[in-house]
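The structure under discussion appears below in the form of structure tokens.
Number of protein chains: 4
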Amino acid sequence: MDIDAAELQSFLTDLDADIRARADWGEVADYIPELAKVAPAQFGVAVALADGQVLQAGAADTRFSIQSVSKVFTLACVLGRSGEQIWTRVGREPSGTRFDSILLLEQEKGRPRNPFINAGALVTTDALLAGRAPREALSEVLAFLRLAAGDEDIHIDRAVALSEERTGFRNIALANYLKSFNNMTNPPEMTLGTYFHQCAIEMTATQLARAGRMIAQLPRAPAILAPEKARRLNALMMTCGHYDGSGDFAFRVGLPGKSGVGGGILVIAPGVASIAVWSPGLNLYGNSHMGTFAAEQIARFTGWSVFG
Amino acid sequence: MDIDAAELQSFLTDLDADIRARADWGEVADYIPELAKVAPAQFGVAVALADGQVLQAGAADTRFSIQSVSKVFTLACVLGRSGEQIWTRVGREPSGTRFDSILLLEQEKGRPRNPFINAGALVTTDALLAGRAPREALSEVLAFLRLAAGDEDIHIDRAVALSEERTGFRNIALANYLKSFNNMTNPPEMTLGTYFHQCAIEMTATQLARAGRMIAQLPRAPAILAPEKARRLNALMMTCGHYDGSGDFAFRVGLPGKSGVGGGILVIAPGVASIAVWSPGLNLYGNSHMGTFAAEQIARFTGWSVFG
Amino acid sequence: MDIDAAELQSFLTDLDADIRARADWGEVADYIPELAKVAPAQFGVAVALADGQVLQAGAADTRFSIQSVSKVFTLACVLGRSGEQIWTRVGREPSGTRFDSILLLEQEKGRPRNPFINAGALVTTDALLAGRAPREALSEVLAFLRLAAGDEDIHIDRAVALSEERTGFRNIALANYLKSFNNMTNPPEMTLGTYFHQCAIEMTATQLARAGRMIAQLPRAPAILAPEKARRLNALMMTCGHYDGSGDFAFRVGLPGKSGVGGGILVIAPGVASIAVWSPGLNLYGNSHMGTFAAEQIARFTGWSVFG
Amino acid sequence: MDIDAAELQSFLTDLDADIRARADWGEVADYIPELAKVAPAQFGVAVALADGQVLQAGAADTRFSIQSVSKVFTLACVLGRSGEQIWTRVGREPSGTRFDSILLLEQEKGRPRNPFINAGALVTTDALLAGRAPREALSEVLAFLRLAAGDEDIHIDRAVALSEERTGFRNIALANYLKSFNNMTNPPEMTLGTYFHQCAIEMTATQLARAGRMIAQLPRAPAILAPEKARRLNALMMTCGHYDGSGDFAFRVGLPGKSGVGGGILVIAPGVASIAVWSPGLNLYGNSHMGTFAAEQIARFTGWSVFG
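Chains as they are written, first to last, in our numbering: chain A, 16 to 323; chain B, 16 to 323; chain C, 16 to 323; chain D, 16 to 323.
Below is the structure:
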């Protein structure tokens, strides 16, 4: 796993050029109107190394909507705040179903399979509120992210949040369904508002890679996440981080990762590096098409797969 | 990850004593009459290290029926024989369902979710036959295991195989169901006979730990599995190795593993160690109750979790 | 099928006495707070005959919340208004699932199985609105019911409607889920408001039996429903009128029927009679326990079963 | 319901001519090799009236494989033999799934939804055996059918039975799956053999219409079925007789019916007539395409719908 930073930088630069030459970018998520406006043919990557360096290639400083990648950070906040209590309300098994499926929720009587599908993330956000106003809970997540990334310039894109509030009927359905099973303590619209704003956080690949250092437990990362909790986040990202494409990501990349429909993927090489890739076109599982390809190439080049 | 072998041996000896003092062994699988005869209160562990040592504690030399742990080795044989073709017939996603579920098979039109649930393993065994008689295919698996373990004394327990042939109605259902979708090339009873015999292979924890060295890619392991294939087996074991308890195993243990209803679990620490635990009592997912506990304790003591 | 009215009256009087002597009334629906207040040990029955007579026994003039029985009448309005178009948006097959299931809706991509489960009834109510304000659509349903029953004294219980609006999270989930599949033309809260008010219509057994005469096509019923439409409503009531207890009702009673969680059941003997039974305690399918028993006894006594 | 026999005969003759002029016959079942040989463009109809007349049109005397229509008669035998005990092993609710679905069987732990889907019919046949050899059980069914039809010339087509035995993998799966839930008392292959032979009974439309007279309770029918049992068979045929097309058949035809993949449908007008239609081409639910059309036309012409 000893990688020469200069060689890796050269590889990333070539990878960026290679990807830009390709035509198969996938399709931008169209169910959130604001996200549908983003041009698919974009790519950026950033790799935060153990020695503190952050390598970059492509549009590593372009902001994008982190969407479901935020679920890792809200879960980290909730685990920090109330420990393992959350597991009474949400499981930690892969779901085998789409990110917005409501099917298993009925079969399992309102306890979502894991905190990374939408239903489970709604429960996590509901727990994050903990009697506070949405503004306070969101401030906590932003403060946590800024501290993790060492960068104050991280914000919520309110246009995206409002766009989801107006059109996110499936998430509204999930929240009300959870409420009907008494697995939502706040009014559904309050949890939903918080959730849509949390998903609408904008970050660059560089910021995201830096924020992920604590999950990778890099030596110079801010000490804001207990090693045990980082380990658990990685386990969940490995088995559940890509919805019904999680097995395929593990098979091809061999690293824990969490994707968002904005096209970002946070990939963790525990103890070694935190990687953020971004490309807005999605594959059929709703994960970044070129981002997944890039993650696979990087894992292959570096030999960072946790599977040997 | 530098572990002192003497310290680990001492830990394993204590762990064995600790487990023997407990009363909650779980229930022995009762749907295979021959296995139902096994006493639940047994425990054995073996750890094959990179330097060639094999540490042992408890009943590490007692033979047990490896059952579904065999699926890892038949898949290795099939991958070696015909490469990646198998993935046209079986997926590699966690199923979120019981090991013997037929439900997803209907929804997904006869293509099992992964090769470690029963339906997927039947497809793998069907591919293993490749026009040969069951005897030949089984000889290949046995030869592969003996070579991997460096031990000729590995055999099939025919009483167990016959016991399953007489009572394995759910597996007979799965095989015929696959046939109805044209995802079984041999007569169902031929593939079933091979499958029941493969599951009835008997090994000790020591033999199993030694056989797993190639999957862990330990330096002194026999060179009979390409690194790329070992990596893929590990990825599948991590996401799918414990049926609908896979996420929980990843969360608690943090290592790829594959369980069998005989109470054995093969656990891989890539590049570092191959671990076999055995205890016949099962938890509600059909995985060894004490075996899972032991794997968790060993991972915690050694810090071998791939998640940092 | 020639029944002497005096004999039937005597039978109904005895049936009422018999039921009052029993203790197994079932449980009142508790998920709508206002309905949970109703005492379960009540029973009423009314039978409208072809000659214009309406026989009564028990609390036949006590008002109750007709709830899902209303779905028959809104469907009749929609069929009258826009004909068979509705079948592009909703099916007419039994669902085999609970009245409020969301599971099939995902599998069938937002097209509910039939208009009598909640999801399908929400689509019907959505079609009923047809660009009008809720008040207008509800006025149409009320006017239709008053005309059918020949009784102006039929109203909506606003306390029940508000109770459902505050607590009907599962219906809110269904409406938003339908919207996400573009099978809801109005804002979900608008259709939901109309739906909750429609379900909150209060009627007596006598009024309900009289309103059902047009579906039974009794000679003296107001001519406000074409025979072809009446026939279709009866077919749907037979196969889908009691959720996942529809087969059992057909088996035991042998007549088309539609139940509501308020404890009412409208039962049709085509060409012969319209029957309304009411008892608030429910069986495990969510249908009136004593109402079903009474319907079975009446069918047996009269020989009105359509099955000979 | 007073129909002039001469007018009806004239209508049937015209209907036959009309159907022969059409091109949309549907597809012959291809999963049973012997049935796949049958030419789709065939049609026959027979109507047994209360006065003893049997009207005919088209190929009313051509033999066809009655397949699942047999399920009505084996159920009648079982109800006659052991009464209502069968309902502890099989339900009476519409399934909402395909005739050969295994999905619900897993969710409902081996108790099939109703006796007319394949899983339920296998349970009925298993109960029919009642400790006897298959030959004896089949003799009972044949004797019952011959008595009902008043015609000794009814036989099993062994080529069809063997064809199913060789290729009926999905039924083999269902039988073994039932066995795994202890809902099959005989060895699966014994019940399957009996089932395949029962389905391979050959009859003409005329014979089938005559055999159905007892279910219609026509005055001159042989008295071999209690009225209560006939009523129950009709209820089951109405709600479950056409698999996941049962609701549609009730909606369009308005009479109890049972279809088979050989293209036959038995349709009952209780107290009035027993109708058999046959045309081998199937619609997407696996029911006769032209047979359903013909049943609908006859119901419309005669006004025999039980729904008024």
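All C-beta atoms in this analysis are idealised placements derived from N, C-alpha and C, irrespective of residue type, glycine included.
Check your understanding: If the cut is a Cβ gap below 8 Å, which residues of chain B does asparagine 191 of chain D touch?
Key -> Phe184, Arg185, Ile187, Ala188, Asn191
Practice item. Please decide whether alanine 245 of chain D counts as near chain C, where near means a Cβ-Cβ distance under 8 Å. Key: yes
Review point. What residues in the region 103-121 of chain C have a beta carbon less than 8 Å from any beta carbon of chain D?
Key: Going along the region 103-121 of chain C in chain order, one finds Gly106, Arg107, Glu108, Pro109, Ser110, Gly111, Thr112, Leu119 with a Cβ nearer than 8 Å to chain D.
Check your understanding: So is lysine 273 of chain A buried or exposed if we call it buried at 16+ other beta carbons inside 10 Å?
Key -> buried
Exercise for review: Measure from the alpha carbon of arginine 128 of chain D to the alpha carbon of each residue in D/Ala265, D/Asn198, D/Val175, then state which is nearest.
Suggested key: D/Asn198
**Study point:** Within chain B, the residues that lysine 194 of chain D reaches when beta carbons sit closer than 7 Å
**Key:** Phe184
**Study point:** CA-to-CA distance, valine 60 of chain A to alanine 21 of chain A, given in whole angstroms
**Key:** For alanine 21 of chain A and valine 60 of chain A, the distance between alpha carbons rounds to 15 Å.
Review point. Which of the three DSSP states, helix, strand or coil, is assigned to glutamine 57 of chain D?
Key: coil
Point to revise | Same chain only: Cβ atoms within 6 Å of glutamate 123 of chain A, ignoring 5 sequence neighbours per side | key: none
Point to revise | Local conformation of glutamate 311 of chain D per DSSP, three classes | key: helix
Review point. If you measure beta-carbon to beta-carbon, which residues of the region 305-323 of chain A are closer than 7 Å to chain B?
Key: Of all residues in the region 305-323 of chain A, Ser320, Val321, Phe322, Gly323 have a Cβ within less than 7 Å of some Cβ in chain B.
Exercise for review: Could you work out which residues of chain A lie near aspartate 259 of chain B, taking near to mean beta carbons separated by less than 8 Å?
Suggested key: Glu108
Point to revise | Identity of the residue in D/Gly67, D/Ala74, D/Asp45, D/Leu64 nearest alanine 56 of chain D by Cα | key: In terms of Cα proximity to alanine 56 of chain D, the closest of D/Gly67, D/Ala74, D/Asp45, D/Leu64 is D/Ala74.
Exercise for review: Throw me the rounded Cβ distance for the histidine 304 of chain A and serine 320 of chain A pair, which I believe falls under 8 Å.
Suggested key: In fact, because the Cβ distance is near 20 Å, the residues do not count as touching under 8 Å.
**Study point:** Those runs of the alpha helix (DSSP H) which lie wholly inside the region 77-155 of chain C and span at least 4 residues
**Key:** 85-97, 118-122, 133-144
Exercise for review: Output the residue ranges of the alpha helix (DSSP H) runs that lie fully inside the region 195-245 of chain B and measure 4 residues or longer, sorted by chain position.
Suggested key: 203-214, 220-226, 228-231
Exercise for review: Mark lysine 194 of chain A as exposed unless 16 or more other C-beta atoms lie within 10 angstroms of its C-beta, in which case mark it buried.
Suggested key: buried
Point to revise | Opening and closing residue of the alpha helix (DSSP H) in which isoleucine 34 of chain A lies | key: 20-35
Point to revise | the region 93-104 of chain C / the region 113-123 of chain C touching (three or more Cβ pairs under 8 Å) | key: no
Point to revise | Residue closest to alanine 238 of chain D, alpha-carbon to alpha-carbon, out of D/Ala163, D/Lys86, D/Glu42 | key: Comparing Cα positions, the closest option is D/Ala163.
**Study point:** the region 259-267 of chain B / the region 17-36 of chain B touching (three or more Cβ pairs under 8 Å)
**Key:** no
**Study point:** Contact list for cysteine 255 of chain C against chain D, beta-carbon separation under 7 Å
**Key:** Gly262
**Study point:** Reference glutamine 71 of chain C; option with closest CA among C/Ala245, C/Leu223, C/Ala236
**Key:** C/Leu223
Check your understanding: Does arginine 228 of chain D have its Cβ less than 8 Å from a Cβ in chain C?
Key -> no
**Study point:** Any chain B beta carbon closer than 8 Å to glycine 98 of chain A
**Key:** The beta carbon of glycine 98 of chain A does not come within 8 Å of any beta carbon belonging to chain B, so the residue lies off that interface.
Check your understanding: Within the 8 Å Cβ cut-off, does glycine 286 of chain A reach chain B?
Key -> yes
Practice item. Whole angstroms is fine: what's the gap from alanine 245 of chain C's alpha carbon to alanine 91 of chain A's? Key: 59 Å
Review point. So, helix, strand or coil for glutamate 180 of chain D, using DSSP?
Key: helix
Exercise for review: With serine 261 of chain A as the anchor, note down where its alpha helix (DSSP H) starts and where it stops.
Suggested key: 261-267
Review point. Between the region 128-143 of chain B and the region 144-155 of chain A, do at least 3 Cβ pairs fall closer than 8 Å?
Key: Contact between the region 128-143 of chain B and the region 144-155 of chain A is absent, because fewer than three Cβ pairs lie under 8 Å.
**Study point:** tyrosine 192 of chain D to aspartate 263 of chain C span [Cα, whole Å]
**Key:** 25 Å
Practice item. Give the straight-line distance between the Cα atoms of aspartate 76 of chain D and aspartate 66 of chain D, rounded to the nearest whole angstrom. Key: 21 Å
Review point. By DSSP, does valine 321 of chain C sit in helix, in strand, or in coil?
Key: coil
Practice item. Within its chain, find whatever has a CB closer than 7 Å to the CB of glutamate 49 of chain C; leave out the 5 residues flanking it on each side and keep chain order. Key: Ala174, Val175, Ser178, listed in sequence order.
Review point. Taking DSSP as the reference, what is the three-state secondary structure of leucine 270 of chain D?
Key: coil
Review point. So serine 289 of chain D and leucine 248 of chain D are in contact, right, with Cβ under 8 Å, and what is the actual spacing, rounded?
Key: At roughly 12 Å, the Cβ-Cβ gap does not stay under 8 Å, so serine 289 of chain D and leucine 248 of chain D are not in contact.
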